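Numbering of the sequence shown is given in this note's numbering, commencing with residue 7 and proceeding in unit increments.
Glycine included, each C-beta is placed from N, C-alpha and C at the ideal position.
All of these numbers come straight from a predicted model, not from anything done at the bench.
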Amino acid sequence: MLPDEIEWRPTGESPLKYHPTWKKTTCPECGGDATRETDTMDTFMCSAWYQYRYLSPEYDSGPWDKEELDYWMPVDTYTGGIEHATMHLIYFRYFTKALRDIGLLEYDEPVMKLRNQGVILGEDSEKMSKSRGNVIAPDSLVNKYGAELFAHI
């Protein structure tokens, strides 16, 4: 189904987008002209390995400069909410292990320690947010307890 002759160019987009005939097809239901979707990669495909490339963005002899990789990776602490632990971190770890398996990395885990932050609940047991109108203005706490104490809350 996918074409054999594809030009791999560093455009940041799927090479299928630039294939002259592949994306043009016929709708199987109505028989009319149709266009295949070319951007089919999940958003996590990029965010799962970009941190390696960011280590040496000007490096052009490989995916990254090994000296920079060895200095900065693995990350000491990854801080995020539950959505990070159940989504992005899974892909981040998967890519790290795949890159290790093909010999591009020498370690098993991309981070040394995971720190999950919680959600602060208001008096109504709902997540505190400006849109819900249940946040506490810091000025009232500073006025009541002082700026020094507030800084440590």
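Residue from the options with nearest C-alpha to residue i
i      : options                          : result
Glu73  : Asp130, Glu115, Tyr58 and Gly86  : Tyr58
Asp130 : Asn122, Glu43 and Asn140         : Asn140
Asp10  : Thr17, Leu22 and Arg106          : Leu22
Glu89  : Glu112, Ser146, Leu8 and Leu120  : Leu120
Gln123 : Gly86, His25, Trp14 and Ser135   : Gly86
Tyr56  : Ala143, Pro144, Gly18 and Ser135 : Gly18
DSSP three-state assignment for residue i, whether helix, strand or coil
i      : result
Tyr84  : strand
Lys29  : coil
Ala54  : coil
Asn122 : strand
Ala40  : strand
Val117 : strand
Leu110 : coil
Neighbourhood of residue i by C-beta distance below 6 Å, restricted to the same chain and skipping five residues each side
i     : result
Ser62 : Trp70, Asp71 and Glu74
Ser20 : Thr44 and Asp45
Beta-carbon contacts of residue i that lie in its chain and below 8 Å, excluding the five residues immediately before and after
i      : result
Lys133 : Val125, Ile126 and Leu127
Glu115 : Pro80, Arg99 and Thr102
Thr32  : Gly38, Asp39 and Ala40
Trp78  : Leu61
Whole-angstrom C-beta distance between residue j and residue i, which should lie under 8 Å
i     : j      : result
Thr92 : Met118 : That belief does not hold up - the Cβ atoms of Thr92 and Met118 are roughly 20 Å apart, past 8 Å.
Sequence-distant residues of the same chain with beta carbon closer than 7 Å to residue i, five excluded per side
i     : result
His25 : Pro9 and Ile12
Exercise. Taking 8 Å as the threshold, find out whether the segment 38 to 57 comes into contact with the segment 81 to 98 through three or more Cβ pairs.
Key: yes
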